[in-house]
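Asker: My numbering puts the sequence shown at residues 145 to 594. Yeah, the Cβ is synthetic: ideal placement off N, Cα and C, and Gly gets one too. Just so you know, these numbers come straight off a predicted model, no measurement behind them. Quick one: this structure, given as structure tokens, is what I'll be asking you about.
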Amino acid sequence: MAMYQSTNRLAGLAIATLLLVVVYSAYSNPIDRDTAEQKDSVVDRERQVEQRQRELSDLRRELSLLKNASNTRAYPEVKIRNEFDRKRILITGGAGFVGSHLVDVLMRDGHEVTVVDNFFTGRRKNVEHWIGHPHFELVMHDVVEPYMMECDEIYHLASPASPPHYMYNPVKTIKTNTVGTMNMLGLAKRTGARVLLASTSEVYGNPTVCLKAMQSIAFAITVPLRRRCPYVHPQPETYFGNVNPDGPRACYDEGKRIAETMCYAYSKQSGVEVRVARIFNTFGPRMHIGDGRVVSNFIIQALQDQAITVYGEGLQTRSFQYVSDLVAGLIALMNSDFDEPVNLGNPDEYTMIDFAKHIKEITGSSSEIIHKPATQDDPQKRKPDISRARQVLKWEPKVSVLDGLKRTIEYFRHELSAPTTRDENKHSHGVGGPYGNTIELPYINDEKKP
Ligand SMILES: NC(=O)c1ccc[n+]([C@@H]2O[C@H](COP(=O)([O-])OP(=O)(O)OC[C@H]3O[C@@H](n4cnc5c(N)ncnc54)[C@H](O)[C@@H]3O)[C@@H](O)[C@H]2O)c1
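Rendered as structure tokens:
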């Protein structure tokens, strides 16, 4: 009996052991365990792949939307040129008033244009119709820092141009015109590009010549004061100028004078090809609404039926050229073989008082014309002698002041009615102001200047 019991116990033990072995082997077989883990990871991977596929198809959809958008974007028509004909052109200050019109003409002519601008007075809006075009690049950059690119031509326009803008930060104006110009000449030296400097009639200052005879007492007694220092009028390129180096305009006037000097130093010493345009007062659409010079100030005041302010008696003169004429002159000069300075302006000359009356009449404004005290270093006579441009470039202005004014008045009328005008003015650097022959411009829409 005892033996039967022990045999049963042994058999029970053996079965239990067997069961344990079977269960253990079922759950602990390494091959099966690996397989299960692999299955899990395959499932995970499949999920990941599905997720990525979804992301990819989303991206594809976005891309095709973007492609469609860019395909349907309309650009102004451009001329088709082959690789050899097409120039790579850098325009500094290309988002500004003159620069943006130059961009338009060069782009339409089929060239590749890169604009470098720090947007101090320039606006993206001025060139936005080219953004995305394969021939066009807009780079936010300050020319005081070096800039590198391969190019064939450089139109160097970067510099504030109106008195309130260039007097806002005189040291920066000097740096832009000196260090900035040197950077562009350095780039031209490295790439072999030709550089055109946008200089200014301001290099002539208040264009008087003081006669040597003046030093004699007899002369001083006998000759009336205003005839002792006669005006050089109109101003030819051979006139060396009469600039006050310490006055409020000096940062700009002397900045441009040294910029010209640098051009000729680089030309002589390093063989850089330079062109120097001495630009006289220019006006037209895309002028900054806070430009502060006489054309925009008179128009804005007249359109708002505010007093049109003339500084001094208003007998000082200016001559005005329409922007399309200037752009044609700049391109003609760049493409010419002539490397001495060339005046670009319209000799049609007005006294400020007559000009104020003229604008009042064209706009049909009820503004009254008022006088304020004359300002420091305001040039009394300004009229270009353009015989050189006529002779070497076969260039002369084509748009009459009246036609140009009509287009410009339309532009300002639109700007004043645009909802962004108020905000843009808040950011402009010194609207108007009693500088040169500019007038103090009340803040647009009667807002108080902050
Ligand atoms: N408009 C005129 O009547 C006139 C007359 C004489 C000379 N000029 C010259 O023509 C050029 C263009 O004048 P505009 O009337 O178009 O003036 P603007 O102020 O409209 O344009 C100047 C452009 O240069 C940019 N700029 C200024 N400083 C810069 C810097 N450090 N780096 C990069 N960009 C900078 C501004 O943001 C702007 O886009 C200027 O060099 C000016 O001196 C103009």
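1) At what residues does the alpha helix (DSSP H) containing Ser463 begin and finish?
2) Going straight from the alpha carbon of Asn569 to that of Ser306, what length do you get?
3) Could you tell me if Thr179 is buried or exposed, where buried requires 16 or more neighbouring beta carbons within 10 angstroms of its beta carbon?
4) Please report the straight-line C-alpha distance between Gly238 and Glu297, rounded to a whole angstrom.
5) Nearer than 8 angstroms: is that true of the beta carbon of Ile423 relative to any heavy atom of ligand 1?
6) Assuming His300 is part of the beta strand (DSSP E), what are its boundary residues?
7) List the whole-angstrom C-beta distance separating Phe427 from Tyr466, where the pair is believed to meet the contact cut-off of C-beta under 8 angstroms.
8) Quick one: what's Val454 bridged to in DSSP?
9) Identify the continuous alpha helix (DSSP H) that holds Asn327 and give its terminal residues.
10) Within a Cβ cutoff of 6 angstroms, which residues of the same chain sit near His277, ignoring the five residues on either side of it in sequence?
11) For the structure I just gave you, are there three or more beta carbon pairs, one from the stretch 414–428 and one from the stretch 481–492, closer than 8 angstroms?
12) Heavy atom of ligand 1 less than 8 angstroms from the Cβ of Ser303, yes or no?
13) Does the stretch 473–483 come into contact with the stretch 428–444, if we say contact requires no fewer than three beta-carbon pairs (one atom in each stretch) closer than 8 angstroms?
14) If we require 3 or more residues per run, which beta strand (DSSP E) segments fall completely within the stretch 402–444?
15) In angstroms with no decimal places, state the Cα-to-Cα distance between Thr507 and Met326.
16) Shortest alpha-carbon distance to Phe280 belongs to which of Gln524, Gly254, Val288?
17) Are three or more beta carbon pairs between the stretch 401–412 and the stretch 521–538 nearer than 8 angstroms?
18) Using only the alpha-carbon positions, how far apart do Glu294 and Asp229 sit?
19) To the nearest angstrom, how far is the alpha carbon of Glu256 from that of Glu398?
20) In its own chain, which residues sit with a C-beta less than 6 angstroms from the C-beta of His471, not counting the 5 before and 5 after it?
21) Apart from the five residues just before and just after Val315, which ones in its own chain have a Cβ nearer than 8 angstroms to its Cβ?
22) Since Ala342 sits in a beta bridge, which residues does DSSP pair it with?
23) What does the alpha-carbon distance come out to for the pair Val323 and Glu289?
24) Quick check on Ser622: buried or exposed, where buried means 16 or more other Cβ atoms within 10 Å of its Cβ?
25) Taking 8 angstroms as the threshold, find out whether the stretch 375–385 comes into contact with the stretch 335–351 through three or more Cβ pairs.
26) Thinking just about the alpha-carbon of each residue, which of Tyr375, Gly336, Gly240, His273 is nearest to the one in His309?
27) Distance check for Val287 and Ala302, CA to CA, integer angstroms please.
28) Give me the Cα-Cα distance between His571 and Thr265, rounded to the nearest whole angstrom.
29) What residue range is occupied by the uninterrupted beta strand (DSSP E) comprising Phe264?
30) Closer than 8 angstroms to a non-hydrogen atom of ligand 1 - does that hold for the CB of Met431?
31) Among the candidates Glu199, Glu227, Val339, Lys400, whose CA atom is the shortest distance from the CA of Ile235?
32) What does the alpha-carbon distance come out to for the pair Thr453 and Thr495?
33) Identify, in the order they occur along the chain, each residue of the same chain with its Cβ nearer than 8 angstroms to the Cβ of Ser345, setting aside the five sequence neighbours on each side.
34) When you compare the CB positions of Ile433 and Glu559, do they come within less than 9 angstroms of one another, or not?
Answerer: Straight from the coordinates:
1) Here Ser463 belongs to no alpha helix (DSSP H); instead the beta strand (DSSP E) covers 461–463.
2) Residue confidence for Asn569 is low, a pLDDT of 42 falling below 50, so the modelled location carries little weight; the figure read from the coordinates is stated next. When rounded, the distance between both Cα atoms is 15 angstroms.
3) exposed
4) 13 angstroms
5) yes
6) 297–300
7) 7 angstroms
8) His515
9) 314–335
10) Tyr219
11) yes
12) yes
13) no
14) 418–423
15) 43 angstroms
16) Gly254
17) no
18) 16 angstroms
19) 33 angstroms
20) Here residue 471 turns out to be Val, not His, going by the sequence shown. Excluding residues within five positions, the ones whose Cβ falls inside 6 angstroms are His245, Leu246, Val249.
21) Cys395
22) Ala421
23) 8 angstroms
24) Because the chain here runs from 145 to 594, residue 622 falls outside it and cannot be looked at.
25) yes
26) Gly240
27) 7 angstroms
28) Unreliable placement is indicated for His571, whose pLDDT of 38 sits below 50; the coordinate value is still reported in the next sentence. For His571 and Thr265, the distance between alpha carbons rounds to 10 angstroms.
29) Element bounds for Phe264: n/a, residue is neither H nor E.
30) yes
31) Val339
32) 13 angstroms
33) Gln379, Arg422, Ile423, Phe424, Asn425, Asn487, Gly489, Arg526, Pro528
34) yes
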